[in-house]
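Position in the sequence shown (first residue = 1) + 7 = my numbering. All C-beta atoms, glycine included, are put in the ideal place defined by N, C-alpha and C. This report concerns only the one structure given below.
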Amino acid sequence: MKRILTLLAAFSAAWCMVAQPLPAPLTEQTLRVDYVFSGTDRSCTIALDQLSCMDGWAGRRVHLDSLALRGNGQIRMHDAQTGRLLYCNSFSTLFQEWQATEEATRVQKSFENVFLLPMPSVPVDITVVLFDFRHRVTARLTHRVDPSDILIRRPGGGTPETRDILRSGSPASCIDVVILSEGYTADEMDTFYQDAAVAVESFMNHRVFRELRDRFNFVAVALPSAESGVSVPREGLWKDTALGSHFDTFYSDRYLTTLHLKRMHDLLTGVPYEHIIILANTDTYGGGGIFNSYTLTTAHHAAFRPVVVHEFGHSFAGLADEYFYDDQYSNQYFPDVEPWEQNITTRADFSSKWKSLMGRDGVGLFEGGGYMSRGVWRGSDDCRMRTNTYPDFCPVCSESIRRLVSFYTGTATP
Ligand SMILES: [Zn+2]
8 MKRILTLLAA FSAAWCMVAQ PLPAPLTEQT LRVDYVFSGT DRSCTIALDQ LSCMDGWAGR
68 RVHLDSLALR GNGQIRMHDA QTGRLLYCNS FSTLFQEWQA TEEATRVQKS FENVFLLPMP
128 SVPVDITVVL FDFRHRVTAR LTHRVDPSDI LIRRPGGGTP ETRDILRSGS PASCIDVVIL
188 SEGYTADEMD TFYQDAAVAV ESFMNHRVFR ELRDRFNFVA VALPSAESGV SVPREGLWKD
248 TALGSHFDTF YSDRYLTTLH LKRMHDLLTG VPYEHIIILA NTDTYGGGGI FNSYTLTTAH
308 HAAFRPVVVH EFGHSFAGLA DEYFYDDQYS NQYFPDVEPW EQNITTRADF SSKWKSLMGR
368 DGVGLFEGGG YMSRGVWRGS DDCRMRTNTY PDFCPVCSES IRRLVSFYTG TATP
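Okay, structure coming up:
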């Protein structure tokens, strides 16, 4: 009996070992597409940069032709001959955040963007679309990709050192999160691995991640930097680091990002990954999370544990900030436009949100969220997406994460 129970436990722990194959004409390879998005506050251009093909596909294998969330942009891949939608995904970008800044009113700038798609065996048409905060299309590019194109790069080279922090199954069947070191020298990698373990422990202190832990792989990837720490431009401090990240993004003190997305993805060659967390070796407070792009947080600030989970709420689950300021105006949310983020509502279309959860576990309509004290509502008084002191996600955010995990893995969640 004991043996059967042990066997059952082994099966349930490794439930995601069986991965379903990708349907033809998709193959077990990854097509990486690099773009440059450029423009001003009111103009926007998408240009193709380069294509690469790598072995293996770590992304989802179900719901390939549908979206979990609308996002601020989408990428779609159609079979060029039949017109059938083969794969799509949604995302947000730093470029679109920058478009809302004062700087964007007076200068044109460009930003790198990198997307991973399953490699097709037949010619495909890839379309990238960007939306503004009113969900209107601001830019669109369609281009054909022929898999026999000799100029599709096949990058080789070394693979970075990795260490499993949480291994639940094969990359083909679990959600693969890589944790990257930024600003750690080769001599500081033991510290980095400890920090990565603290990050995963922080996730497991949140009920929804604890319940769904067997759907995730968390792998630490050692990317040594020449110098220790990260750049702080307001102090005139520039460091030579693996990912070239810096504080003061868009002149905002706490906003720590990297603009070097191509370099980051280059460094990950040979590692299966879908979602990215970057840990910065500094005690200065800051970070950021961009939906389906990356989370970046500082590993040695006292608030590291809640912040890494909060930022992952943005980058993995597309959750909005639930905090707000009394005196600050946001130009992101409008009374007649329902935000696509699942944890806030303008009540333009509340039935698409947490109506079914109302009245349970303190769920209701609480005014204030998305940086606005009026006109935007959240689902609970407090949440990981509102404060660093509250211990968990609210029921609305937890349910959003559960739905997303179910979407990615094609399995029911507890
Ligand atoms: Zn919440």
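For Ser407 and Ile283, what's the separation of their Cα atoms in angstroms?
Within the sequence shown, numbered from 1, the residue matching residue 407 stands at position 400. Within the sequence shown, numbered from 1, the residue matching residue 283 stands at position 276. Cα to Cα, Ser407 sits roughly 19 Å from Ile283.
Apart from the five residues just before and just after Ile159, which ones in its own chain have a Cβ nearer than 6 Å to its Cβ?
In the sequence shown, the residue the question calls residue 159 occupies position 152. Here the set comprises Leu58 and Cys60.
Note down, in chain order, each residue of its chain lying with its Cβ closer than 6 Å to the Cβ of Cys401, except the 5 sequence neighbours on either side.
Taking the sequence shown and counting its residues from 1, one reaches residue 401 at position 394. Within the same chain, Cβ atoms closer than 6 Å to the Cβ of Cys401 are found at Gly386, Ser387 and Cys390, the five residues on either side in sequence being excluded.
Member of Thr353, Thr264 and Thr256 whose CA lies at the smallest distance from the CA of Tyr378
Along the sequence shown, one-based indexing puts residue 378 at 371. Of Thr353, Thr264 and Thr256, the residue nearest in Cα terms is Thr353.
Leu303 vs Thr264 beta-carbon contact at 8 Å:
Here residue 303 is taken as the residue at index 296 of the sequence shown, counted from 1. Here residue 264 is taken as the residue at index 257 of the sequence shown, counted from 1. Contact: yes.
Return the CA-CA distance between Val315 and Thr108, expressed in angstroms with no decimal places.
Here residue 315 refers to the residue found at position 308 when the sequence shown is read from its first residue. Here residue 108 refers to the residue found at position 101 when the sequence shown is read from its first residue. Whole-angstrom Cα-Cα distance: 25 Å.
For Ile350, verify whether its CB is less than 7 Å away from any heavy atom of ligand 1.
By 1-based counting over the sequence shown, the position of residue 350 is 343. Residue 350 is actually Asn in this sequence, not Ile. It does: the Cβ of Asn350 is within 7 Å (strictly closer) of some heavy atom of ligand 1.
Tell me which same chain residues have a C-beta within less than 7 Å of the C-beta of Gly236, skipping the five on either side of it?
The residue labelled residue 236 in the question sits at position 229 within the sequence shown. Around Gly236: Gly190, Lys246, Asn288 and Thr289.
Given a threshold of 16 other Cβ atoms within 10 Å of its Cβ, counted over all protein chains shown, does Ser155 qualify as buried or as exposed?
For the purposes of this step, residue 155 is taken as the residue at position 148 of the sequence shown. Classification of Ser155: exposed, given that the 10 Å Cβ count is below 16.
What's the C-alpha gap between Ser405 and Ile157?
Taking the sequence shown and counting its residues from 1, the one referred to as residue 405 is at position 398. Taking the sequence shown and counting its residues from 1, the one referred to as residue 157 is at position 150. Take the alpha-carbon of Ser405 and the one of Ile157: they are about 45 Å apart.
Curious, which full-length alpha helix (DSSP H) runs of at least 4 residues does the segment 173 to 256 contain?
Qualifying alpha helix (DSSP H) stretches, in chain order: 196 to 211 and 214 to 218.
Three or more C-beta pairs closer than 8 Å, one from the segment 316 to 332 and one from the segment 125 to 135: is that the case here?
Flag = no, the segment 316 to 332 and the segment 125 to 135 do not touch.
Suppose the cutoff is 7 Å on Cβ atoms and the five residues either side in sequence are ignored; what does the same chain contact list for Asp5 look like?
Outside the shown range of the chain (8 to 421) lies residue 5, about which nothing can therefore be said.
Using the three-state DSSP reduction, which class does Thr13 fall into: helix, strand or coil?
Counting from 1 along the sequence shown, the entry for residue 13 is found at position 6. Low per-residue confidence applies at Thr13: pLDDT is 45, beneath 50, and the placement is therefore not dependable, though the value from the model is reported in the following sentence. It is helical.
Check whether the Cβ of Glu406 lies closer than 7 Å to any heavy atom of ligand 1, and answer yes or no.
Indexing the sequence shown from 1 puts residue 406 at position 399. Glu406 Cβ: outside cutoff for every heavy atom of ligand 1.
Gly78 vs Gly320 beta-carbon contact at 8 Å:
Looking up residue 78 in the sequence shown gives position 71. Looking up residue 320 in the sequence shown gives position 313. No, they are not a contact pair.
What do you get for Glu242, buried or exposed, if any count of 16 or more other CB atoms within 10 angstroms of its CB means buried?
As a first step, residue 242 must be located in the sequence shown, where it is residue number 235. Label assigned to Glu242: exposed.
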